[in-house]
Amino acid sequence: MMPEFRNKIEIAASPSQIWSILIDFEKWPQWSDSFSALQRLDDGPVGLGSRIRIKQPRLFPRNWTITEWNPDNSFSWISKGGGVTSFANHWIETDRDVCTFHQSMNISGFLGRPTAILLKATICRYMDMEAAGLKDRSERRDQLPVPE
862 MMPEFRNKIE
872 IAASPSQIWS
882 ILIDFEKWPQ
892 WSDSFSALQR
902 LDDGPVGLGS
912 RIRIKQPRLF
922 PRNWTITEWN
932 PDNSFSWISK
942 GGGVTSFANH
952 WIETDRDVCT
962 FHQSMNISGF
972 LGRPTAILLK
982 ATICRYMDME
992 AAGLKDRSER
1002 RDQLPVPE
């Protein structure tokens, strides 16, 4: 069984509001200190097959490719290299007036298990920081006055 990490957080914002922030990849470092930089590696609209390079503090940079894309709802991406394959999901669930943002990450490959054990605390902390930052940004933005 490959190591899996999960978290979720309730966000008082619309799914489209959360999604618009979530898919603006290059701005992630503005709302989460778990990211140093994200860079699109291709042109055109973001979607299935898009590639993003992610730099995070204390971790090696990784290139991620979007493998599933469901606008306003979810995306998944994969990163392979150095004997490790990481697969991550991000999705939004709506129940009445509450949205819940979910994340999961599976790590596999020849060095997957030792990497997951070594980085477990960092991965969990970074996922928590990402979720909290998305919540803060989404809720602040959702409360901005609407231009007349």
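Residue numbers for the sequence shown follow our numbering, beginning at 862 and rising by one. Ideal placement from N, C-alpha and C gives every residue a C-beta, glycine not left out. Quick caveat, the model's predicted, so the values are computed rather than measured.
With 16 as the cutoff for other CB atoms within 10 Å, does residue i come out buried or exposed?
i: Lys-888; result: exposed
i: Met-988; result: buried
i: Ile-984; result: buried
i: Val-959; result: exposed
i: Glu-1009; result: Because Glu-1009 sits at a pLDDT of 48, beneath the cut-off of 50, its placement in the model cannot be relied upon, and the point is left open.
i: Ala-898; result: exposed
i: Phe-896; result: buried
i: Glu-991; result: buried
i: Pro-1006; result: Caution is warranted here: a pLDDT of 48 is assigned to Pro-1006, below 50, making its placement in the model unreliable, and the coordinate value is therefore given only provisionally. Exposed, since its Cβ has fewer than 16 Cβ neighbours within 10 Å.
i: Arg-986; result: exposed
i: Arg-867; result: exposed
Pick from the options: whose alpha carbon is nearest that of residue i?
i: Ile-939; options: Trp-930, Asp-933, Trp-925, His-951; result: Trp-925
i: Ser-947; options: Glu-865, Asn-967, Asp-958; result: Asn-967
i: Trp-930; options: Ile-884, Gly-942, Gln-891, Leu-920; result: Ile-884
i: Phe-936; options: Ser-965, Asp-956, Arg-914, Phe-971; result: Ser-965
i: Pro-932; options: Pro-906, Arg-914, Thr-976; result: Pro-906
i: Ala-874; options: Ile-927, Leu-902, Arg-867, Phe-962; result: Phe-962
i: Lys-869; options: Phe-921, Leu-995, Arg-1001; result: Leu-995
i: Leu-909; options: Gly-942, Ile-927, Trp-892; result: Ile-927
i: Ser-911; options: Leu-920, Pro-918, Gln-917, Arg-901; result: Arg-901
i: Phe-921; options: Arg-986, Arg-974, Leu-980, Met-990; result: Leu-980
i: Ile-915; options: Gln-891, Asn-934, Phe-886; result: Phe-886
i: Asp-956; options: Ile-872, Arg-867, Gly-973; result: Ile-872
How far does the alpha helix (DSSP H) with residue i in it reach, from first residue to last?
i: Ser-911; result: That residue, Ser-911, is in no alpha helix (DSSP H); it is neither H nor E in DSSP.
i: Ile-882; result: 876-883
i: Pro-890; result: 889-892
Any heavy atom of the ligand MN closer than 7 Å to the CB of residue i?
i: Ile-984; result: The ligand MN is not part of this structure, which contains no ligands at all.
Within the continuous beta strand (DSSP E) that includes residue i, where are the two ends?
i: Ala-873; result: Premise fails: Ala-873 is in no beta strand (DSSP E) and is neither H nor E.
i: Met-966; result: 959-969
i: Asp-956; result: 945-956
i: Arg-919; result: Looking at the DSSP string, Arg-919 is not in any beta strand (DSSP E), and its letter there is neither H nor E.
i: Met-935; result: One point to set straight first is that residue 935 is Ser, not Met, in the sequence displayed. Residues 935-942.
i: Leu-899; result: 898-901
Measure how close the beta-carbons of residue i and residue j come, nearest whole angstrom, since I'm counting them as under 8 Å.
i: Ile-978; j: Ile-879; result: No, Ile-978 and Ile-879 are not in contact; Cβ-Cβ is about 32 Å, not under 8 Å.
i: Leu-972; j: Gly-943; result: 7 Å
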